[in-house]
Amino acid sequence: MGSLVRIEAVDFFYLAMPQVLDIGDGSQDMVLVRLQVGPYVGWGECEASPLPTIASLVCPMSHSACKPVRDSVLGQPLDDQADIARIGDAVRANSLDLLQADHALSGIDIAMWDALGKRLDAPVYLLLGDDRAYPKVPYASQLFGETPEETGEKARRTRADGYRAAKFGWGTFGRGSVEADAAHLQAARAGLGDDATLLVDAGTVWRDVDQAAARLDALRECRVTWLEEPFPAGEFAAHRALAAIYGDIALAGGEGCHNARQAEHMIDHAALGFVQIDAGRIGGITPARAVATYAHQRGVMYVNHSFTSHLALSASLQPYAGAEHDTICEYPVEPKSLAVEVTRDHIAPDADGLIHLPARPGLGIDLDLDAARRYVQDVEIKVGEQTLYRTPELRD
Numbered sequence: 391m392g393s394l395v396r397i398e399a400v401d402f403f404y405l406a407m408p409q410v411l412d413i414g415d416g417s418q419d420m421v422l423v424r425l426q427v428g429p430y431v432g433w434g435e436c437e438a439s440p441l442p443t444i445a446s447l448v449c450p451m452s453h454s455a456c457k458p459v460r461d462s463v464l465g466q467p468l469d470d471q472a473d474i475a476r477i478g479d480a481v482r483a484n485s486l487d488l489l490q491a492d493h494a495l496s497g498i499d500i501a502m503w504d505a506l507g508k509r510l511d512a513p514v515y516l517l518l519g520d521d522r523a524y525p526k527v528p529y530a531s532q533l534f535g536e537t538p539e540e541t542g543e544k545a546r547r548t549r550a551d552g553y554r555a556a557k558f559g560w561g562t563f564g565r566g567s568v569e570a571d572a573a574h575l576q577a578a579r580a581g582l583g584d585d586a587t588l589l590v591d592a593g594t595v596w597r598d599v600d601q602a603a604a605r606l607d608a609l610r611e612c613r614v615t616w617l618e619e620p621f622p623a624g625e626f627a628a629h630r631a632l633a634a635i636y637g638d639i640a641l642a643g644g645e646g647c648h649n650a651r652q653a654e655h656m657i658d659h660a661a662l663g664f665v666q667i668d669a670g671r672i673g674g675i676t677p678a679r680a681v682a683t684y685a686h687q688r689g690v691m692y693v694n695h696s697f698t699s700h701l702a703l704s705a706s707l708q709p710y711a712g713a714e715h716d717t718i719c720e721y722p723v724e725p726k727s728l729a730v731e732v733t734r735d736h737i738a739p740d741a742d743g744l745i746h747l748p749a750r751p752g753l754g755i756d757l758d759l760d761a762a763r764r765y766v767q768d769v770e771i772k773v774g775e776q777t778l779y780r781t782p783e784l785r786d
């Protein structure tokens with residue numbers, strides 16, 4: 391395998407749109423991660439608030455279980471998959487009380503897989519043990535419109551673009567009357583047509599099972615396949631109660647899980663039909679793969695969560711690329727220009743409406759650093775007279 395290489399640098403970059411709006415759109419900023427491993431550069435992305443995530447990388451030690459994340463990463467050898475797992479375990483142990491650590495680790499873990507794939511000249515899914523990456527049916531993931539008419543227009547455009555499935559979420563859904571929500575659902579169904587898959591994301595809007603249950607007739611009338619995140623991830627009893635009421639309409643959730651154990655608990659106790667994992671939140675590709683394996687053992691469908699760049703999209707697809715029967719994937723269709731422009735490569739649907747992971751080494755996604763530099767935010771973190779962080783130069 392050649393000479394031992396070590397992680398020589400781990401750099402975080404805060405990228406953001408010129409204006410960040412108060413909407414449920416995570417593509418407005420990002421933490422871009424660059425990892426230097428000998429002559430190889432790996433890239434990753436954290437789906438997290440950039441500033442506290444950068445702080446978790448460099449913060450002063452508070453005590454033995456609250457150390458900066460980079461202390462467990464810098465200088466570590468990265469020769470194989472076992473090294474990635476070992477470094478992740480070290481971060482979780484040494485930064486146990488640093489609650490942002492899993493978000494920071496997410497981008498680092500993704501970048502480690504990218505770098506290792508480049509070193510071994512193999513796509514990540516092969517390194518994970520899959521013989522091939524099966525194509526997935528992308529569902530066009532977008533926000534509800536401000537009005538039912540706008541939702542209907544989005545649905546018509548989605549179908550015209552060739553998507554067989556779509557998800558609408560957040561916005562005003564669940565915050566007003568049952569009748570208003572029904573109007574949005576009816577508009578979405580009419581715009582998509584009878585044969586398309588319709589998915590709904592409530593964005594954890596409810597705290598009461600009865601509120602969610604009141605939407606059942608409208609969801610059933612519009613043949614909704616799943617209702618996503620009716621409650622926060624930890625509300626297991628509410629999920630179970632609602633699943634019993636909904637019957638043939640499945641519940642989906644898991645994007646709010648920040649480690650594999652949380653996701654496993656949701657699978658075991660929240661009566662999910664679909665578990666949705668974001669590699670940029672849960673600690674990276676490594677724990678996401680563990681959750682995919684666990685979900686298959688429990689008869690729960692695994693789905694990626696991804697609402698930002700195609701670097702993140704590739705990372706989110708790797709953990710279940712080899713799962714032939716997990717056929718659907720989240721595909722953001724309304725990303726901000728930051729999320730579009732930060733990469734040169736995009737995973738586009740083919741003539742049959744399917745998407746395919748790149749067969750190139752690592753994540754198979756090249757960055758457009760010239761475009762990315764336009765979104766870099768200048769950050770400096772100081773404690774007393776010591777500068778802990780200053781935005782590094784964004785280069786290969």
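The opening position of the sequence shown corresponds to residue 391 in our numbering, with each subsequent residue numbered one higher.
Heads up, the beta-carbon is just placed ideally off N, CA and C, and yes, glycines get one too.
Proximity to serine 696 across Val448, Pro709, Leu518 peaks at Pro709, based on C-alpha coordinates.
Here glutamine 776 is bridged, per DSSP, to Val773.
Per DSSP, the continuous alpha helix (DSSP H) segment holding serine 727 begins and ends at 727-731. For glycine 673, the closest C-alpha among the options Asp470, Asp412, Ile474 is that of Ile474.
Ranking Phe664, Ala669, Glu714, Thr683 by CA distance to the CA of valine 693 puts Phe664 first. Check the Cα spacing between aspartate 479 and each of Ser462, Ala623, His493: the tightest is with Ser462. About 23 Å separates the Cβ atoms of arginine 546 and glycine 593, ruling out a contact at the 8 Å cut-off. With a minimum length of 4 residues, the unbroken runs of alpha helix (DSSP H) contained wholly in the segment 588-653 fall at 599-603, 606-611, 626-636.
Comparing alpha carbon positions, the residue from Pro440, Asp499, Glu619 closest to glycine 646 is Glu619. The C-alpha of aspartate 758 is placed about 36 Å away from the C-alpha of aspartate 487. With a threshold of 16 other beta carbon atoms within 10 Å, arginine 651 falls short and is exposed.
It is roughly 27 Å from the alpha-carbon of leucine 703 to the alpha-carbon of glycine 583. Taking a 10 Å sphere around the C-beta of serine 699, we find 16 or more other C-beta atoms and assign the residue as buried. Around the beta carbon of isoleucine 718, a 10 Å sphere encloses 16 or more other beta carbons of the protein chains shown; the residue is thus reported as buried. Taking 8 Å as the cut-off, the beta carbon of aspartate 591 is found closer than this to the beta carbon of glycine 559.
Across the structure, alanine 578 and glycine 416 are spaced so that their CA atoms are roughly 22 Å apart.
Taking C-beta atoms under 8 Å as the contact rule, proline 739 and proline 528 qualify, at a distance of about 6 Å. If you check the CB distance, arginine 522 and glycine 712 come in under 8 Å. Fully enclosed beta strand (DSSP E) runs of no fewer than 3 residues occupy 419-427, 430-436 of the segment 414-459, in order along the chain. When Cβ pairs closer than 8 Å are counted between the two stretches, the segment 497-504 is seen to touch the segment 429-438, the count reaching three or more. Per the DSSP secondary-structure output, lysine 557 pairs in a beta bridge with Ser531, Leu589. Of all alpha-carbon atoms in Gln471, Gln466, Cys456, Leu464, the one lying nearest the alpha-carbon of arginine 482 is that of Cys456. Under the three-state reduction of DSSP output, alanine 678 falls in the helix class.
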